[in-house]
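Note that the protein sequences, when read in sequence, are chains B and W. Numbered as in my numbering, the first sequence ends at 399 without a single skipped number. Numbered as in my numbering, the second sequence ends at 399 without a single skipped number. Cβ coordinates follow ideal geometry from the N, Cα and C atoms, glycine included. Keep in mind that this is a model prediction, so the values were computed, not measured. Notes follow once the structure below has been shown.
Number of protein chains: 2
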Amino acid sequence: MVTISQALKLIDNQVKQSQTEKVQLTKMVGRILAEPIHAPLDLPPFRQSAMDGYAINYLTDQKNYTIKGELAAGSSETFELKAGEAVRIFTGARVPETANAVIMQENCTAIDTLLTLQEDLKLFQHIRNQGDQIKKNSLALESGTLLSPAAVGFISALGIESVEVYRKPKIAIIATGSELIKPGNELSAGKIYESNSFMLQAAIDYYRVGEAEIFSVHDDLLATKTKLIEVMNHADFVLLSGGISAGEYDFVAQALNEIGVEGVFHKVRQKPGKPLYFGVGKNNRYVFALPGNPSAAMTSFLIYVLPALKKFAGAGFNGLQKISGKIQTTYKKNDDRAHLLKAFTDEHSVRILDGQNSDILMSFTHANSIALIPEDAHTVGTDQALEIYLL
Amino acid sequence: MVTISQALKLIDNQVKQSQTEKVQLTKMVGRILAEPIHAPLDLPPFRQSAMDGYAINYLTDQKNYTIKGELAAGSSETFELKAGEAVRIFTGARVPETANAVIMQENCTAIDTLLTLQEDLKLFQHIRNQGDQIKKNSLALESGTLLSPAAVGFISALGIESVEVYRKPKIAIIATGSELIKPGNELSAGKIYESNSFMLQAAIDYYRVGEAEIFSVHDDLLATKTKLIEVMNHADFVLLSGGISAGEYDFVAQALNEIGVEGVFHKVRQKPGKPLYFGVGKNNRYVFALPGNPSAAMTSFLIYVLPALKKFAGAGFNGLQKISGKIQTTYKKNDDRAHLLKAFTDEHSVRILDGQNSDILMSFTHANSIALIPEDAHTVGTDQALEIYLL
Numbered sequence: 009m010v011t012i013s014q015a016l017k018l019i020d021n022q023v024k025q026s027q028t029e030k031v032q033l034t035k036m037v038g039r040i041l042a043e044p045i046h047a048p049l050d051l052p053p054f055r056q057s058a059m060d061g062y063a064i065n066y067l068t069d070q071k072n073y074t075i076k077g078e079l080a081a082g083s084s085e086t087f088e089l090k091a092g093e094a095v096r097i098f099t100g101a102r103v104p105e106t107a108n109a110v111i112m113q114e115n116c117t118a119i120d121t122l123l124t125l126q127e128d129l130k131l132f133q134h135i136r137n138q139g140d141q142i143k144k145n146s147l148a149l150e151s152g153t154l155l156s157p158a159a160v161g162f163i164s165a166l167g168i169e170s171v172e173v174y175r176k177p178k179i180a181i182i183a184t185g186s187e188l189i190k191p192g193n194e195l196s197a198g199k200i201y202e203s204n205s206f207m208l209q210a211a212i213d214y215y216r217v218g219e220a221e222i223f224s225v226h227d228d229l230l231a232t233k234t235k236l237i238e239v240m241n242h243a244d245f246v247l248l249s250g251g252i253s254a255g256e257y258d259f260v261a262q263a264l265n266e267i268g269v270e271g272v273f274h275k276v277r278q279k280p281g282k283p284l285y286f287g288v289g290k291n292n293r294y295v296f297a298l299p300g301n302p303s304a305a306m307t308s309f310l311i312y313v314l315p316a317l318k319k320f321a322g323a324g325f326n327g328l329q330k331i332s333g334k335i336q337t338t339y340k341k342n343d344d345r346a347h348l349l350k351a352f353t354d355e356h357s358v359r360i361l362d363g364q365n366s367d368i369l370m371s372f373t374h375a376n377s378i379a380l381i382p383e384d385a386h387t388v389g390t391d392q393a394l395e396i397y398l399l
Numbered sequence: 009m010v011t012i013s014q015a016l017k018l019i020d021n022q023v024k025q026s027q028t029e030k031v032q033l034t035k036m037v038g039r040i041l042a043e044p045i046h047a048p049l050d051l052p053p054f055r056q057s058a059m060d061g062y063a064i065n066y067l068t069d070q071k072n073y074t075i076k077g078e079l080a081a082g083s084s085e086t087f088e089l090k091a092g093e094a095v096r097i098f099t100g101a102r103v104p105e106t107a108n109a110v111i112m113q114e115n116c117t118a119i120d121t122l123l124t125l126q127e128d129l130k131l132f133q134h135i136r137n138q139g140d141q142i143k144k145n146s147l148a149l150e151s152g153t154l155l156s157p158a159a160v161g162f163i164s165a166l167g168i169e170s171v172e173v174y175r176k177p178k179i180a181i182i183a184t185g186s187e188l189i190k191p192g193n194e195l196s197a198g199k200i201y202e203s204n205s206f207m208l209q210a211a212i213d214y215y216r217v218g219e220a221e222i223f224s225v226h227d228d229l230l231a232t233k234t235k236l237i238e239v240m241n242h243a244d245f246v247l248l249s250g251g252i253s254a255g256e257y258d259f260v261a262q263a264l265n266e267i268g269v270e271g272v273f274h275k276v277r278q279k280p281g282k283p284l285y286f287g288v289g290k291n292n293r294y295v296f297a298l299p300g301n302p303s304a305a306m307t308s309f310l311i312y313v314l315p316a317l318k319k320f321a322g323a324g325f326n327g328l329q330k331i332s333g334k335i336q337t338t339y340k341k342n343d344d345r346a347h348l349l350k351a352f353t354d355e356h357s358v359r360i361l362d363g364q365n366s367d368i369l370m371s372f373t374h375a376n377s378i379a380l381i382p383e384d385a386h387t388v389g390t391d392q393a394l395e396i397y398l399l
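This is the structure in structure tokens:
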């Protein structure tokens, strides 16, 4: 039996970043860059007007200029401005090489071809120099960068259509249990509706950490082995739920062992989620066997599986955001396991929710966080600081 | 010219929650429930063992029991246990009506059909009662609930396959500007690569607030009107970028006016993003005209458009998460506009990034937040608290 921090370290040690793949502009947001991006051009690519107004060849103390023409954004026209000459210009348009300032339209008057300045100006004002944002060949984005919407915009502005990112994992979810019936079917005596597979698939979708496919098997050793061998042909991660406790119908640990998956740990000193198992199969297939109780499965996914999936996709072993929060009322426990509690956290305090049993999902629908009571804490007093995982 | 808070209020007043639609289990995560869900059954649907062990008909002080058989999870078998009788049982299995406790397998010994208890027990221990989590017909989830992964699991556990949620908006993005070239094409004199459309589409995807399609038009009044009329046939929101300043090639405001869109505001007392426009067309089509400068467009999207899209999809007018943070170094401004600054915020302080110009996206790729300097602040001193929007 390992502690939570030991278990996390063991997973982090095993999981490797994945292969990379090319993605197009419309698909890259949220991905992790697997190559450094160097600017293929200066940005802006030319001297650019930052304002609507007039580009002028300024002469000290001269107020009147002759307007020679007009430059709209996108125009390829050029003007040779002599001293005392001006050209109408718009934001984003190329400033003539012979211009040394742009004056805003609000600060001058134009009558026919006569432009009269109404304010002093500074040389080179309102002109963005070529390469002001970034120079050609310099580093635009480091490898490992999370491609935020702004990063996608920046890549597009550099004229780049596709980049190399880490591949996201393919995940197989296997719900085990002879008592499970899929929603939409009649519930017969002794059966319950299956929830873990849809819940885990929803979590993978919600946190954008991969693509998951759902499978199910009855409590049967051979069926479990057969299904595992089948999904491990294509899935990077296998998440099983149920069948990992010590009952005679818990075939998951045996099945994994018999097909050659190396157990890294089995059982964590925590509540819920004590039966949690993690192992690694041939070709770096990562296997998590989660508890069958839905709330324990959800918690185990969030604490252990989420950072592993993120690391595989290039993001480092980071799962939920962790903050410190003050517990609202006293909490007592009488074991030496860490407790992972469904909680509602706001800027003031952390409220431990009713319904902490490992089968109860209803309370989880009101939770926005998981509060960690450490292994060695027995009474946690009001206002004591706890580690909080934000959902 | 309105202030930021006036602009937000005007948007909130206009945008209405959308129609609803049915979604299936595999598609509902992240959506907002548009109906209350009542439990169609008790959960658990029967008395359930919470442990692997033995269900017994307990007699005070009696240690020895006769094992009558076995109940696996999912079994529909029933046993009539007389006082002093037991049945092998596994987690999740239905507890016989005649049993009044479950004893964990670790706390007893079984030799053939003789079970011997090794600890005291409490009546009804380790038994989950029918309806313990929720009773049939009672409220499971309120209308307006965000469907988290756990909520999806809970809905599945109730045997429900589909629910009614608010529809997400369809969004048309129109990039305006004769200077714009799509990445992948040659850049000719005076042109730049277009970035706003891909960036806005990426943001809509990243924040899961709808489906966006990209269009573009040159700086031309008729072309702008034609494109607007076309997209407003099907799009709930139209986001334009560029063409909304006061230059002769800025046709967006005129085009919107001529096709009957009612302007709600035009120009906000802020930097960047002063030209921002919001209007409403026939059939509740919401139109945002964003500045053409990429960083100003991104900021305006995050502050104004994001909460509007979320409200349309049922979530209330809430955009980015807001926190309070302390500025790391003094910031000065000499105008009466609010400044929205690209910033990096950690648990200690808020660092205002270099490269605040409205055309600079590179600094945005290093930002994790936007810091707000209020209209009336001129010097913000070190450690002064600011309103921070977390990206």
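Among the options, whose alpha-carbon lies nearest the alpha-carbon of residue i?
i, options, result
"residue 352 of chain W", "W:342, W:366, W:394 and W:319", "W:394"
"residue 275 of chain W", "W:291, W:257 and W:308", "W:308"
"residue 31 of chain W", "W:23, W:25, W:22 and W:43", "W:43"
"residue 232 of chain W", "W:141, W:182 and W:303", "W:182"
"residue 317 of chain W", "W:302, W:383, W:294 and W:45", "W:294"
"residue 52 of chain W", "W:27, W:103, W:88 and W:200", "W:103"
"residue 250 of chain B", "B:267, B:212, B:304 and B:210", "B:304"
"residue 207 of chain W", "B:49, B:195 and B:36", "B:36"
"residue 49 of chain B", "B:177, B:172, B:127 and B:143", "B:143"
"residue 356 of chain B", "B:218, B:337 and B:349", "B:337"
"residue 87 of chain W", "W:108, W:68 and W:67", "W:108"
"residue 68 of chain B", "B:93, B:85 and B:169", "B:93"
"residue 137 of chain B", "B:372, B:105 and B:95", "B:105"
"residue 390 of chain B", "B:34, B:195 and B:340", "B:340"
Consult DSSP for residue i and reduce its assignment to one of helix, strand or coil.
i, result
"residue 72 of chain W", "strand"
"residue 316 of chain W", "helix"
"residue 205 of chain W", "helix"
"residue 387 of chain W", "strand"
"residue 261 of chain B", "helix"
"residue 94 of chain B", "strand"
"residue 303 of chain B", "helix"
"residue 35 of chain B", "helix"
"residue 214 of chain W", "helix"
With a CB to CB cut of under 7 Å and the five nearest residues on each side skipped, what residues in its chain are close to residue i?
i, result
"residue 111 of chain W", "61, 62, 64, 125 and 129"
"residue 198 of chain W", "187"
"residue 24 of chain W", "292"
"residue 190 of chain B", "202"
"residue 383 of chain B", "11, 277, 344, 345 and 346"
"residue 267 of chain W", "233, 236 and 237"
Contact check, residue i vs residue j under 8 Å by CB: the rounded distance?
i, j, result
"residue 227 of chain W", "residue 184 of chain W", "6 Å"
"residue 39 of chain W", "residue 166 of chain W", "That pair is no contact at about 17 Å."
"residue 177 of chain B", "residue 26 of chain B", "7 Å"
"residue 392 of chain B", "residue 335 of chain B", "6 Å"
For residue i, collect the residues of the same chain with a Cβ closer than 6 Å to its Cβ; drop the 5 residues on either side in sequence, then sort them by chain order.
i, result
"residue 273 of chain W", "10, 15, 18 and 286"
"residue 240 of chain B", "289 and 293"
Use the C-beta contact count for residue i: other C-beta atoms within 10 angstroms, 16 or more gives buried, fewer gives exposed.
i, result
"residue 386 of chain W", "exposed"
"residue 300 of chain B", "buried"
"residue 134 of chain B", "buried"
"residue 120 of chain B", "exposed"
"residue 71 of chain B", "exposed"
"residue 362 of chain B", "exposed"
"residue 281 of chain B", "buried"
"residue 56 of chain B", "buried"
"residue 326 of chain W", "exposed"
"residue 367 of chain B", "buried"
"residue 83 of chain W", "buried"
With a threshold of 7 Å, establish whether the CB of residue i neighbours any heavy atom of the ligand SAM.
i, result
"residue 64 of chain W", "As presented, the structure is devoid of all ligands, the ligand SAM included, so that no description of it is given."
Which same chain residues, not among the five before or five after residue i, have their C-beta less than 8 Å away from its C-beta?
i, result
"residue 257 of chain B", "186, 227 and 251"
"residue 151 of chain B", "41, 42, 43 and 44"
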